[in-house]
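Peer 1: Pasting a structure below so you can have a look.
Residue numbers (my numbering): 953 to 1298.
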């Protein structure tokens, strides 16, 4: 019987037992992994696999945070799990936050390029990954070598769903001087493939760190009936993807993503949601520009730059802006977007 395979990729330094000022502060990726039901109402089995963010071990903390070490390993880890568990007819759901969003998106790119290896060819995972990173004409998904590789060793599959919270930086690497040290991981393809049926991204309106430029999807030509939605939410990076003890804002983005995944067939444990998810339009909006980030000028994220109208402001951000009282919430980028006739979504 076919099943759903759900791979959840967490962000830099993020773990299931993460704390904020001594209080539990799971990210939306952790909440997703905990909330997906074992089976749906029709008995459809759902497997969940969680991958910690890069730099979670103490000696990798700096390397993973600043230089992206571990990203390639995480991509192969996600791909390997899919190779081991996929059977024809299964549906694949990928979730990610921050660099975990980059992991999810790159895993989809690897599948588009090389297909999903059949189990009997699992020993070729490193070969497939090396082939994927070549990025020349022959290894392009439409190139002869890529087509031959897929035909000989792989399942040709489509990905049912990708849901990500605030993919940061060009190709998942924080933008700026640190990218000089990240050339080795810049080969990854994070464009939205036509092999993805449904793609959703929650983006942070108020993140002002210049090293956290969001990687926004653009609709691809010849994508057919592909669904692509990207919604902007009030808050900074972790106000959207989770990781703060006060999760009022990030729970809004969690529920939005949950609803999108449910629309694609994924079933969730409502008992967990009722006990742990508390959305609040007036939730605490944190300041992420602390420490060394406070020395760098603000970066105002532009809203509405994607082609084909794939972006919209979420209604909760507009409601926060319209509320009375202090502090006043009127982010310049959101005001500018709405004044230009930008769309609002729920």
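The beta-carbon is built from N, C-alpha and C at its ideal position, and this holds for glycine as well.
Where DSSP assigns a beta bridge to residue 1045, which residues make up the other side?
Peer 2: 958, 1113
Peer 1: In chain order, what residues of the same chain have a beta carbon less than 7 angstroms from the beta carbon of residue 1115, not counting five sequence neighbours either side?
Peer 2: 1047, 1152, 1209, 1212, 1213
Peer 1: Specify the secondary structure class of residue 1051 as computed by DSSP and reduced to three states.
Peer 2: helix
Peer 1: I'd like the list of long-range same chain contacts for residue 1179, defined as Cβ closer than 6 angstroms, with 5 residues on each side in sequence excluded.
Peer 2: 1150
Peer 1: Could you check what DSSP says for residue 1210 in three-state terms: helix, strand or coil?
Peer 2: helix
Peer 1: By alpha-carbon positions, which one of 1082, 1067, 1087 ends up nearest to residue 1102?
Peer 2: 1067
Peer 1: Taking the alpha-carbon of residue 1118 as reference, which of 1097, 1155, 1107, 980 has the nearest alpha-carbon?
Peer 2: The residue with the shortest Cα to Cα distance from residue 1118 is 1155.
Peer 1: Where do the N-terminal and C-terminal ends of the beta strand (DSSP E) with residue 997 fall, by residue?
Peer 2: 997-1003
Peer 1: Rounded to the nearest angstrom, how far is the Cβ of residue 1265 from that of residue 1286, given a contact under 8 angstroms?
Peer 2: That belief holds up - the Cβ atoms of residue 1265 and residue 1286 are roughly 6 angstroms apart, short of 8 angstroms.
Peer 1: Buried or exposed for residue 1277, please, with buried defined as at least 16 other CB atoms from any protein chain shown within 10 angstroms of its CB.
Peer 2: exposed
Peer 1: Let me know if residue 1039 comes out buried or exposed under the rule of 16 or more other beta-carbons within 10 Å of its beta-carbon.
Peer 2: exposed
Peer 1: Roughly how far, in whole angstroms, is the beta-carbon of residue 1031 from the beta-carbon of residue 987, given that I think they are within contact range, below 8 angstroms?
Peer 2: Their Cβ separation, rounded to whole angstroms, is 24 angstroms, which puts residue 1031 and residue 987 out of contact at 8 angstroms.
Peer 1: Does the segment 984-1001 come within contact of the segment 1214-1227, defined as at least 3 CB pairs closer than 8 angstroms?
Peer 2: Enough Cβ pairs lie closer than 8 angstroms, so yes.
Peer 1: Sorted by chain position, which residues of the same chain lie with C-beta nearer than 6 angstroms to residue 997's C-beta, five sequence neighbours on each side aside?
Peer 2: 955, 991
Peer 1: Do you know how far the Cα of residue 1095 is from the Cα of residue 960?
Peer 2: C-alpha of residue 960 to C-alpha of residue 1095: approximately 30 angstroms in a straight line.
Peer 1: Between which two residues does the beta strand (DSSP E) harbouring residue 1266 extend?
Peer 2: 1263-1266
Peer 1: DSSP on residue 1223, reduced to helix/strand/coil?
Peer 2: helix
Peer 1: Out of 1029, 1110, 1071, 1023, state which residue places its alpha-carbon closest to the alpha-carbon of residue 1177.
Peer 2: Answer by Cα proximity: 1110.
Peer 1: I need the DSSP call for residue 1011, collapsed to helix, strand or coil.
Peer 2: Any reading at residue 1011 must be qualified, since the residue scores a pLDDT of 39, below 50, and its modelled position is unreliable; the value itself is stated next. In the structure shown, residue 1011 sits in a helix (DSSP, three-state: H, G or I).
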